[in-house]
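Q: Quick one: the structure is below, and I'll ask about it shortly.
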Amino acid sequence: MSDTESMEVAEVDAPAVPKEKSSTAQTRKSHLPWIEKYRPTKFEEIVGNEDTIQRLSYFAQAGNVPNIIIAGPPGVGKTTTILCLARILLGPAIKDAVLELNASNERGIDVVRNQIKMFAQQKVTLPAGRHKIVILDEADSMTDGAQQALRRTMEIYSHSTRFALACNNSEKIIEPIQSRCAMLRYSQLSDAQILAKVMDICEKENVRSRALKA
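At the far end of the sequence shown sits residue 214, using UniProt numbering, and the numbering has no gaps.
Okay, structure coming up:
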């Protein structure tokens, strides 16, 4: 078979992406709120707190990630950072191996005894050395009873599950949990960092940003 014939066969056999399906996905993404459409999915897309991101990158490279607490003001990317870490560690398994809860809404002891404990007990096939991840946003809203139950769950399922807590005030997290976690702190983003990100999004969305520059 000639080189030309080989190229023709390759072109015929290559699967075509259905235009309708591709168009539907693009339409769905275009209707997302910008906060979701442009939410970082990789460490390098996160704005600010470079030192902390670098430390998490080391965790990701090593693969053996400890339980972590990320403390800092609202809106600086604490939960987004944890999700980026989970994507690196778990890849496609993230759908089955991550439980994300907002502790300000689900703050009682029953959530720990039921949802979190049941998730920790589930068997999920993961790459060697990887663990399931429980993400608790606004963990400082949890009651003392819920935190005590969480501490026990962290101990019992340490062989299979890691816990990542995001909070505004780490002092509201009980000491027994703090002692079982690596503590990371995020600082407030500067006005310049926020402005640069907003202008970047405006450019991608073809929105005039003259007022922002002023």
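A virtual CB, placed ideally from N, CA and C, is assigned to each residue, including glycine.
Tell me which same chain residues have a C-beta within less than 7 Å of the C-beta of residue 189, skipping the five on either side of it?
A: The residues are 47, 48 and 76.
Q: Whole angstroms is fine: what's the gap from residue 177's alpha carbon to residue 142's?
A: C-alpha separation (whole angstroms): 12 Å.
Q: By Cβ distance below 6 Å, which residues in the same chain neighbour residue 151 in space, the five residues on each side in sequence not counted?
A: Same-chain partners within the cutoff: 176 and 177.
Q: Residue 137: which of 204, 32, 39 and 69 sits nearest, CA to CA?
A: For residue 137, the nearest C-alpha among the options comes from 69.
Q: How should residue 153 be labelled, buried or exposed, when 16 other C-beta atoms within 10 angstroms of its C-beta is the threshold for buried?
A: Classification of residue 153: buried, given that the 10 Å Cβ count is 16 or more.
Q: Given a threshold of 16 other Cβ atoms within 10 Å of its Cβ, counted over all protein chains shown, does residue 192 qualify as buried or as exposed?
A: Exposed.
Q: With C-beta atoms as the reference, is residue 124 less than 8 Å away from residue 103?
A: Not a contact, by the Cβ cut-off of 8 Å.
Q: Is residue 149 helix, strand or coil by DSSP?
A: Residue state, collapsed to three classes: helix.
Q: Just to confirm my understanding: we take residue 163, look at its own chain, exclude 5 residues before and 5 after, and list those with CB closer than 6 Å. What are they?
A: So the qualifying residues of the chain are 67, 134 and 154.
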